[in-house]
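If you read the sequence shown in our numbering, its first letter stands for residue 1048, the second for the next number, and so on.
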Amino acid sequence: MVAALDEASFPDPLPEKPVTGVNADTRRLQPGEIFVALPGNHVDGARFVRDAVRLGAAAIVTQSSDHVDSIVPLVRVRDARTALSRLAATYWNNPSRELRVVGITGTDGKTTTTFLTAAVLEGGGHSTGYVSTVDLKIGRRRLSNPDRTTTPQPPELHRRLREMVDAGNTHAVVESSSHGLRLSRLNDVAYDVAVMTNVTSEHLELHGTVEQYRLDKARLFTMLGRSYDKGVERVGVVNADDPSADLFLRATAGPTLTYGTYRHADVVAEDIRQTPEGIRFKVRHQQAREEVLLPLLGAYNVYNALAAACVGIWKGIPLASVLRALEGFTGVPGRMQRIDVGQPFGVVVDYAHTADALEKALRTLRPATSGKLIVVFGSAGERDRAKRPAMGAVAQAWADYTILTNEDPRGEDELAILREIAAGAEREGGLECRDFALVSDRQEAIHAAFERSEAGDIVLLAGKGHETSIELADRSLPWSDADAARVALRSFS
1048 MVAALDEASF PDPLPEKPVT GVNADTRRLQ PGEIFVALPG NHVDGARFVR
1098 DAVRLGAAAI VTQSSDHVDS IVPLVRVRDA RTALSRLAAT YWNNPSRELR
1148 VVGITGTDGK TTTTFLTAAV LEGGGHSTGY VSTVDLKIGR RRLSNPDRTT
1198 TPQPPELHRR LREMVDAGNT HAVVESSSHG LRLSRLNDVA YDVAVMTNVT
1248 SEHLELHGTV EQYRLDKARL FTMLGRSYDK GVERVGVVNA DDPSADLFLR
1298 ATAGPTLTYG TYRHADVVAE DIRQTPEGIR FKVRHQQARE EVLLPLLGAY
1348 NVYNALAAAC VGIWKGIPLA SVLRALEGFT GVPGRMQRID VGQPFGVVVD
1398 YAHTADALEK ALRTLRPATS GKLIVVFGSA GERDRAKRPA MGAVAQAWAD
1448 YTILTNEDPR GEDELAILRE IAAGAEREGG LECRDFALVS DRQEAIHAAF
1498 ERSEAGDIVL LAGKGHETSI ELADRSLPWS DADAARVALR SFS
């Protein structure tokens, strides 16, 4: 199987050995699997070669030039991440070539757009699976995403795509993160459609600059040009209202569909109105113009719906059928999710974990708030530090009171993270105690927010959304914002 690798040096002769899989994690390695030693920021996978051999690896693939003692075949490659992708796709017999694959990338809105796109395709009669940050859909089954990664490592990703094929899915929607694109996890996915939601600053700890972040996301569109030919037209779907639109349009190898709120886009939203039932607007494409009621909070979800509509149009689904699917959408866990146990004030859980997403969430809730708008959030440790003061500034501008709290501190000092966020609030005139508080324990922070709340207020719990753990330096703690909110609310009754 390793013969599928380009620019690799093999032992001569290369022995014929049965292979049971591909793995880059010795903690999960099974006998007979090929172990690929990935380079890492903290630990190099080459350090675990001896462990892999002891555990029964069929072969070792490494980009390290260091001497390695191995009694199993050792294959040296230029790029271990590229090799992992190729081997995983080969082992699972390239399942993405048997599916129509839609990739969704962007800073915010990827998960909601993934769910909406799957709903549109299903509404058009196409059996659709998906891979998302929240969960996975294979056949008709929905499975949790325990690893919390938007884009799984290639062995897991291609295994799931194979399961979709075997379960009868004909289409797959793959949430395609900038991490996954930059780290070559998606190299061997045969995309048919690339969708861009929006681009703001995030993950600069990996990408270095905003420009590189944009370029890494645009790889998805470039990949269309070298994707496996399935005999169907490949298309790039681009948010025409986003400042980065031109970059993505230029990167697209083939035709494009644009969407937005201005007339120059191919698919346009007009007459947008927020109602108690959701967002009502008209969708125009060519000569057709139809009204839709999207049952979601937040005008920004208009863009997510338009992106999904473009995919439906690519598939030839009539616009009226596309909009019916959007109207029947039931939402995404942890995305503007209301929590109600009979309390007199509103509670909303949302995944907003960037300054842009937090502003959108607060701006959405502000008109619905007759009293105070209170927000509880933090910022992940060992991730983009530049967004921390920006999020503090947003909270100061849009919320009446802010409680800064723990959110996946990992190896960083919890209070230091909160101080960096608070600095942004202070630059906007915020004062500790009067405008914001620092409460490291997230359960206590939620309880404190509810103690301050009265009828007509809304409390936004931001940053965790659907996630089921808090990541510390040495362990994961089980956690759910929605469950924590219910526990705290019931303590008041």
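All C-beta atoms in this analysis are idealised placements derived from N, C-alpha and C, irrespective of residue type, glycine included.
Asked: Would you mind giving the Cβ-Cβ distance between V1422 and G1512, rounded to the nearest angstrom? I have them listed as a contact below 8 Å.; Found: In fact, because the Cβ distance is near 14 Å, the residues do not count as touching under 8 Å.
Asked: Y1260 by DSSP, collapsed to three states: which one?; Found: helix
Asked: Give the list of continuous alpha helix (DSSP H) stretches no shorter than 4 residues that lie fully inside the stretch 1329 to 1365.; Found: 1348 to 1361
Asked: Just to confirm the assignment, what range does the beta strand (DSSP E) spanning D1293 have?; Found: Element bounds for D1293: not the beta strand (DSSP E) but the alpha helix (DSSP H), A1292 to A1298.
Asked: Contact check, A1104 vs I1118 under 8 Å by CB: the rounded distance?; Found: 10 Å between Cβ atoms; not a contact.
Asked: Report the rounded CA-to-CA distance for M1048 versus L1134, giving the unit in angstroms.; Found: 7 Å
Asked: Evaluate the contact criterion for the stretch 1111 to 1125 versus the stretch 1139 to 1154: three or more CB pairs, one atom per stretch, below 8 Å.; Found: no
Asked: Report the rounded CA-to-CA distance for V1100 versus S1225, giving the unit in angstroms.; Found: 32 Å
Asked: What did DSSP end up calling H1254 once you bin it into helix, strand or coil?; Found: Residue confidence is low: H1254 scores 49 on pLDDT, short of 50, so the model does not pin down where it sits. Its coordinate-derived value is still stated next. Note: H1254 maps to helix in three-state DSSP.
Asked: Does the separation of the CB atoms of E1317 and P1342 fall below 8 Å?; Found: no
Asked: Under 8 Å, with one C-beta from each stretch per pair, do the stretch 1461 to 1479 and the stretch 1436 to 1443 reach the 3-pair mark?; Found: yes
Asked: Should the stretch 1186 to 1206 be called in touch with the stretch 1240 to 1247, which here means at least 3 C-beta pairs below 8 Å?; Found: no
Asked: Can you list, in chain order, the residues of its chain with a C-beta nearer than 7 Å to that of A1444? Leave out the 5 residues immediately preceding and following it.; Found: E1475
Asked: Within 10 angstroms of its Cβ, does Y1350 collect 16 or more other Cβ (buried), or is it exposed?; Found: buried
Asked: Please report the residue range of the beta strand (DSSP E) in which D1530 lies.; Found: Segment D1528 to F1539 is the alpha helix (DSSP H) holding D1530; no beta strand (DSSP E) there.
Asked: Helix, strand or coil for E1317? Go by DSSP, reduced to three states.; Found: strand
Asked: Identify every residue that forms a DSSP beta bridge with H1218.; Found: R1147 and T1175
Asked: Output the boundary residues of the beta strand (DSSP E) element that contains G1283.; Found: V1282 to N1286
Asked: Starting from the C-beta of L1296, find all residues in its chain whose C-beta is less than 8 Å away, skip the five residues before and the five after it, and write them out in chain order.; Found: G1283, V1285, T1303 and T1305
Asked: Determine contact between the stretch 1164 to 1182 and the stretch 1346 to 1360, defined as no fewer than three beta-carbon pairs at a distance below 8 Å.; Found: yes
Asked: List the residues that DSSP assigns as beta-bridge partners of T1322.; Found: G1325
Asked: Name, in chain order, the residues that DSSP records as bridge partners for I1118.; Found: Paired residue(s): none; I1118 is not in a bridge.
Asked: What three-state label does DSSP hand V1236 in the structure shown?; Found: coil
Asked: Which one of R1481, E1501, K1277 and P1202 has the shortest CA to CA distance from L1131?; Found: P1202
Asked: Return the first residue and the last residue of the beta strand (DSSP E) that A1084 is part of.; Found: E1080 to A1084
Asked: Below 8 Å on the Cβ atoms is my guess for H1084 versus F1095; work out the distance and round it to an integer in Å.; Found: Checking the sequence, you will find Ala at residue 1084 rather than His. Sure, about 7 Å apart at Cβ, within 8 Å.
Asked: State the CB to CB distance for the pair K1407 and Y1347, rounded to an integer number of angstroms; the pair is presumed to be in contact (CB under 8 Å).; Found: 5 Å
Asked: Rounded to a whole number of angstroms, what is the C-alpha to C-alpha distance between R1410 and I1319?; Found: 15 Å
Asked: Within a Cβ cutoff of 7 Å, which residues of the same chain sit near P1456, ignoring the five residues on either side of it in sequence?; Found: G1428, I1464 and L1519
Asked: Need the endpoints of the alpha helix (DSSP H) that A1165 sits in, please.; Found: K1157 to G1170
Asked: Could you pull out every residue in the same chain whose Cβ sits closer than 7 Å to the Cβ of A1335, ignoring the five residues on either side in sequence?; Found: L1366
Asked: Specify, as a first and last residue, the run of the beta strand (DSSP E) that E1467 falls within.; Found: Not the beta strand (DSSP E): E1467 falls in the alpha helix (DSSP H), residues E1461 to R1474.
Asked: Just reading off the beta strand (DSSP E) that D1397 is part of, what are its end residues?; Found: G1393 to D1397
Asked: DSSP three-state label for G1138, please.; Found: Note on residue identity: the sequence assigns Tyr, not Gly, to residue 1138. Residue state, collapsed to three classes: helix.
Asked: Is S1274 helix, strand or coil when you go by DSSP?; Found: coil
Asked: Return the residue from the list G1272, T1160, G1079 and D1235 that minimises the CA-CA distance to Q1200.; Found: D1235
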